[in-house]
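Some notes on the structure that comes next.
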Amino acid sequence: MTLARQRTEFDRPTIIDVAEIAHVSRQTVSRVLAEHPRVADATRARVKEAISSLGYRPNRMARALVTKSSLTFGFAALDMRDPHFGETCAGVRIAAQQYGYHLVVTEYDLSDDLGIGTLETLLTLGVDGIALFPGLLEDADIEAFAAKSGCPVVTIGRPSQIPGVVSIAMDEERAAEMIVDRLYAAGKRHIGVLMNEAYPEAIHDRYFALEAAIANRTGVVKPPVAADFPKIGTGRSAATSLLRAHPELDALVGFNDTMAMGALLACRDLRLRVPQDVAIVGYDGIPYGEVSDPPLTSILQDSIGMAEAAFSALITCLEDGTPTDGEVQIWSPELLIRESA
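So in our numbering the end of the sequence shown lands on 848, straight run, no missing numbers.
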């Protein structure tokens, strides 16, 4: 005679407990959990009632051994405190939940091979795929990682054609044209640029696009640039330095919204009116821009739409195989016109 397993109030219910209460085998419980069609309706209902009464949660690690899938995706970004990264992460998480997936979120450890070590740590967790912001990683680094990862890899934010990788990015050239056209129409002819800390060692596509748009409109081939971490405080100091070194500037474009908000503070410090003396534009269209003083004009990226596209690409790659030629999806920007420009 088989004795029922003795449980305490602190035990986590197992598949064995479900089977005992439902009077079925463990294999039958597994079939019900896997939505196997060859289970009688009455048996399925009895197993589900037992699961509910016990509060049973399937062991994801055990399931992964059987299905060869962890039902998890990895997500890596430079700074999850940045509203743009956070919003994109939330979009991927929501899309993942709709398909029964979970998200493992991490920030790059830049001291570990500029973040490659962080991505390799995600692989040790058995994730089924990885969505990442490239950060300071070169295309060659991402290509090498994807080739040995054994899972789909999707990048967000850089329009690179990388073998084995899907890239999702905003149309930087169109965004730059919209910004410069807006500033030019407002009579601004001396435009400065605030870049992230990687400049000039690693030049973002955003700078090249702005440089070209400014040259086409104003004839200035090399706009004045200051670089620092894309935060409010560092944006404030970078903008202050740039405006002091180039008092002729009548417009500033921030690498992102937080850096542009720092520029707003710099103008206040220097007693410069915005937008009369200096117009300011940012990127990302984060909600905080609505309550800045004055409200911030910004390029809106469809963070949620791009996040959903990233998850869709991961799912498609799992089902159909990782693309070999490198797929690039380009998203159109929108200019949110507020009082700063």
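Don't be surprised by glycine CBs; every beta carbon is placed ideally from N, CA and C.
query                                                                                                                        : result
Chain-order list of residues whose beta-carbon lies under 6 Å from that of ILE739 (same chain, five-residue window excluded) : THR765, MET768 and GLY769
Residue span of the alpha helix (DSSP H) that contains VAL687, given as start and end                                        : 679-692
THR574 versus PRO520: straight-line alpha-carbon distance, rounded                                                           : Model confidence at THR574 stands at a pLDDT of 48, short of 50, so the residue's coordinates are unreliable; what they give is reported in the following sentence. Between THR574 and PRO520, the C-alpha separation is close to 21 Å.
Alpha-carbon to alpha-carbon, ARG689 and THR613                                                                              : 37 Å
C-beta atoms of ILE787 and LEU759 nearer than 8 Å                                                                            : yes
DSSP-derived helix/strand/coil call for SER674                                                                               : strand
Separation of ALA773 from THR747, as counted between CA atoms                                                                : 5 Å
C-alpha distance - ILE926 paired with LEU630, whole-angstrom precision                                                       : Missing from the structure shown is residue 926; the chain here goes from 508 to 848 and no further.
Neighbourhood of SER799 by C-beta, 8 Å cutoff - its chain only, sequence neighbours within 5 removed                         : MET768, LEU771 and SER847
Alpha carbon of ILE844 to alpha carbon of PHE640, nearest angstrom                                                           : 27 Å
Contained beta strand (DSSP E) runs [length at least 3] in the segment 599-639, N- to C-terminal order                       : 609-614 and 637-639
Spatial distance of ALA549 from GLN605 (CA atoms)                                                                            : 27 Å
Alpha helix (DSSP H) segment containing ALA820, residue limits                                                               : 810-827
GLU684 and ARG713 closer than 8 Å at C-beta                                                                                  : no
Per-residue burial, ILE837 [other beta carbons within 10 Å of its own, 16 or more giving buried]                             : exposed
According to DSSP, residues forming a beta bridge with ILE710                                                                : According to DSSP, ILE710 bridges with nothing at all.
Cα-Cα separation, HIS753 to PRO731                                                                                           : 8 Å
Residue closest to ALA692, alpha-carbon to alpha-carbon, out of ASP620, PRO782 and GLY633                                    : PRO782
8 Å CB neighbourhood of GLY455 in its chain, flanking five on each side removed                                              : The displayed coordinates of the chain run from 508 to 848. Any statement about residue 455 would go beyond what the structure contains.
First through last residue of the beta strand (DSSP E) which encompasses MET702                                              : 698-702
6 Å Cβ shell around GLU594 - same chain, five flanking residues per side excluded                                            : SER810
Counted within 10 angstroms of its Cβ, other Cβ atoms place GLN534 as buried (16 or more) or exposed                         : exposed
Assigned secondary structure, GLU516 (DSSP; H/G/I helix, E/B strand, else coil)                                              : The predicted position of GLU516 is uncertain, since its pLDDT is 49 and thus under 50; a value taken from the coordinates is nonetheless stated next. Here GLU516 sits in coil by DSSP.
Close-in-space but distant-in-sequence residues of the same chain around PHE582 (CB under 6 Å, 5 per side omitted)           : CYS596, VAL599, LEU610, VAL612 and ALA638
C-beta neighbour in chain C for THR628, strict 8 Å                                                                           : No chain C appears in the structure shown, which is made up of a single protein chain.
Unbroken alpha helix (DSSP H) run spanning ASP586, endpoints                                                                 : Here ASP586 belongs to no alpha helix (DSSP H), and DSSP marks it neither H nor E.
Cβ-Cβ distance between LEU717 and VAL700 below 8 Å                                                                           : yes
ILE523, buried or exposed, once every other Cβ within 10 Å from all chains shown has been counted against 16                 : exposed
Buried versus exposed call for PHE517 [16 or more other C-beta atoms within 10 Å across all chains shown]                    : Here the model assigns PHE517 a pLDDT of 48, short of 50, so the residue's position is not dependable, and the following value carries that caveat. The residue is exposed, with fewer than 16 neighbouring Cβ atoms inside 10 Å.
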